[in-house]
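Residue 54 in the numbering used here sits at position 22 of the sequence shown, with consecutive numbering throughout.
Ideal Cβ placement from N, Cα and C applies to all residues, glycine included.
First up is the structure itself, then whatever we jot down about it.
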Amino acid sequence: MREVIISEREEGQRLDRYLEKYMPDAPKSFFYKMMRKKNIVLNGKKCDGSEKLAEGDEIKLFLADETIEKFSEVKVQKVKKTKLHIIYEDEHVVLINKPSGMLSQKAKEQDESLVEYLIDHLLDSGKLTKEDLRSFRPSVCNRLDRNTSGLVAAGCSLAGLQKL
């Protein structure tokens, strides 16, 4: 059994979407079946997946630890250390001056992009943990072409992404 408490960074998501991020290798049907059988409960009650999560909500997963680990491998791509030129940063939003020659988002799995550098920066600064990456991945809100430099806005939390 595993107990997950929803943080401010994770609130506002639907339960089924959160579970898909928490255990990305599990099929959607698995979650709905486990909710029907009450193997996944929200705040001690049966749930159907459409519930919006709030800070402090408690999700109980009555599943074997091996099952959870099998479905929830957190992948963090290692990138070469590059100092990002950060213009503004708070707990929800980051404004970055993207250098030319860097992708804003991946085109292929092996590509390195601004998103990977952002995640690396947030992990190094302690504003994000690998555990946080189970349910939320920071992302850019606007993109610039590879050979274009300029400001890119990124959300460090779901609330930040939604506001941008």
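Positions of the beta strand (DSSP E) runs, each at least 3 residues long and wholly inside the stretch 149-195, are given as 182-187 in order along the chain. Counting other Cβ atoms within 10 Å of its Cβ, Gly-158 stays below 16 and is therefore classed as exposed. Here DSSP, grouped into helix, strand and coil, assigns Lys-102 to helix. In the DSSP assignment, Asn-129 forms a beta bridge with His-117 and Leu-183. Counting along the chain, the unbroken beta strand (DSSP E) around Arg-34 starts and ends at 34-37. If you draw a 10 Å sphere on the C-beta of Tyr-149, you find 16 or more other C-beta atoms in it, and that means buried.
Note that the C-beta distance between His-124 and Ala-186 is not below 7 Å. At a Cβ-Cβ threshold of 7 Å, Met-33 and Phe-103 do not count as neighbours.
Of the candidates Ser-167, His-117, Glu-141 and Met-66, the residue whose Cα lies closest to the Cα of Lys-92 is Met-66. Counting only residues of its own chain and dropping the five nearest sequence neighbours on each side, Ile-37 has a CB closer than 7 Å to the CB of Gly-88 and Glu-90. Going by DSSP, Glu-52 is part of no beta strand (DSSP E) but of the alpha helix (DSSP H) stretching over 47-54.
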